[in-house]
Structure formats: C-alpha cells, structure tokens
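What follows is one structure encoded as structure tokens, with my remarks underneath.
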Amino acid sequence: MPNLSKGFKSFKDKTSGKGGLNLSATMIADDIDIKEMKKKESWGPGGIKTTTVDPMKFSLSDPETTISFGDGIISKSNKINYTNKQQVKWKIDTVTGRVPGHEHGTTNLEFKWTATGSWKDKKTPGHPNLLGFDWAGDKNWTITKSAEDVQWWEAFGGASNKIPEPLQNLQVPSPNTKLEMNTLDYFLTTNLLYPGKHIFDADDPSSGSTDKGLAFPHDLILTGETKIK
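Next up, the structure:
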C-alpha cells in the first residue's frame, strides 16, 4: 500500500474476498512517553497526601494497526484502528500528625486510537479526473481504565483497587503518524480511440448518495457519465 507508506510499513493483506480491503501494518510514529505524575495536597489537619504514578513508555510498532476500506457506495467502515494495553503502578502516601499511611496498586489501561476516512472529489479545471481520500484521526487517545484485582489479604499491606486521580484525568494526544494520501489521476480508456472527444464526468464520491458515487466491492468502481465534447 504505497499510498500510506508515510505513516505505515510492513503491510499484510487480510482481505477475506468479500469486498473492500483489509490490511494490517506497522505504524510509523514516535513512542508514547508519559512522564511520572506526582500530586501533593493537604490532607486533614496539618497533613499531606502525595500521589505518585509511575512513568509509561511504549512503542506503536507493536501490536499491528488494522486498516480497512469498506465496499459500499457510502462506506462508514473506512477506518484505521490501533489498540495498546498497558499497566502502571501507583502509590499514595499520607502523613497526618505522626501517623503515616500508605496505599498502592496497579491500573490497567487500554489505549485506543481511530481514524475514519472518506473518498473525495479533488478535480480541478486543469485536472478533471482527480480522486482523493482524506483521513480524520481522533484528537486524543481513548483510554479505558480498570483496577487490577486485589486479594483480601493484600489489603492489609495497603494494596488498593482504586484508580488515583491523576489517572482518572489522563489525556494523551494522538500519535503523530502521517495519514496523507496522494490523489489518483485516472484516465478514460476511450480517449485512446477518440483522443480528446470523450470525457468522464464522475459523480461526487462524498455526496451521500447510495446509488451513485464510489464503491469498493473488489476493484475500485466510480460511477459517472461519459460525454462527448
């Protein structure tokens, strides 16, 4: 898939033969690097509560990204999906007077990022047969959080299944992968027989019509009208 090679590599065809195109690939993007989070606040009369969350860093090259192009005239299944599961440890230390307190735990995080795509009519007066595809990615990661289970006897040592505040409010910007795709400049084959006589007036692939536009059942199909100049 050379047209996405700026943002992905090592493409594998996963298409089932039922239409459309399904691929897996390795994303080209910087690692996600989340620094240690620490928050200090007042706790009780004269006390201090310190919450610390360990740093996280992971590569987007594993697992693979899934890329799918739907087969319908109006396909809402043109998507890029990536999911990565991580675990992070945290602790909460409290001091009230002379009595120290301690809690610790592990939080499971599932990072999900999606981009949706649509075909676009890119024609200009000088190039009437241009077809493009635009992707729009999520601004931030969707992060699902859950606490690692704690056995009852572990609670005596301060183990907890809560999710600390810094993780509850965690927001991470989207990956900096490149989603730009080159436009397709197609050529009407009847011009080989009648040069300059026949033109193809394509229907808008993003018009929202279920009868006209662009479909991808196996080969790329674009509807329109053939006209004589």
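Just so you know, the sequence shown maps onto residues 3 to 231 in our numbering. Cβ atoms here follow ideal geometry from the backbone N, Cα and C, with glycine treated the same way. Note that the structure is a prediction, hence the values are computed from the model and not measured.
query                                                                                               : result
Alpha carbon of Tyr188 to alpha carbon of Asp64, nearest angstrom                                   : 36 Å
Whole-angstrom distance between Lys141 and Lys41, CA atom to CA atom                                : 26 Å
Residues bridged to Gln88 [DSSP beta-bridge criterion]                                              : Leu111
Given 8 Å, three or more beta-carbon pairs between the region 130-138 and the region 152-166        : no
Supposed close pair Thr67, Pro168 - CB separation, criterion 8 Å                                    : Thr67 to Pro168, Cβ: 28 Å. No contact.
Exposure of Ala138, with buried meaning 16 or more beta-carbon neighbours within 10 Å               : exposed
Sheet register partners of His104 (DSSP bridge)                                                     : Asp95
Extent of the continuous beta strand (DSSP E) to which Glu43 belongs                                : Met39 to Trp45
Inter-residue CB distance, Ile34 and Thr109 (contact presumed, cutoff 8 Å)                          : Wrong, their Cβ atoms sit about 16 Å apart, outside the cutoff.
Collapsed DSSP secondary structure at Asn24 in the structure displayed                              : strand
Cβ-Cβ separation, Ala31 to Asn178 (assumed contact under 8 Å), whole Å                              : 5 Å
Simplified DSSP state of Gly134, which is helix, strand or coil                                     : strand
Counted within 10 angstroms of its Cβ, other Cβ atoms place Ile50 as buried (16 or more) or exposed : exposed
Terminal residues of the alpha helix (DSSP H) in which Glu167 lies                                  : Glu167 to Gln170
Residues that Ile248 bridges to, as DSSP identifies them                                            : Residue 248 lies beyond the stretch modelled for the chain, which goes from 3 to 231, so this question has no answer here.
Rounded straight-line distance, which links the Cα of Lys59 to that of Glu105                       : 24 Å
N- and C-terminal bounds of the beta strand (DSSP E) containing Thr68                               : Thr67 to Phe71
Nearest candidate by alpha-carbon position, reference Thr144, set Ser176, Met29, Asp136 and Thr126  : Ser176
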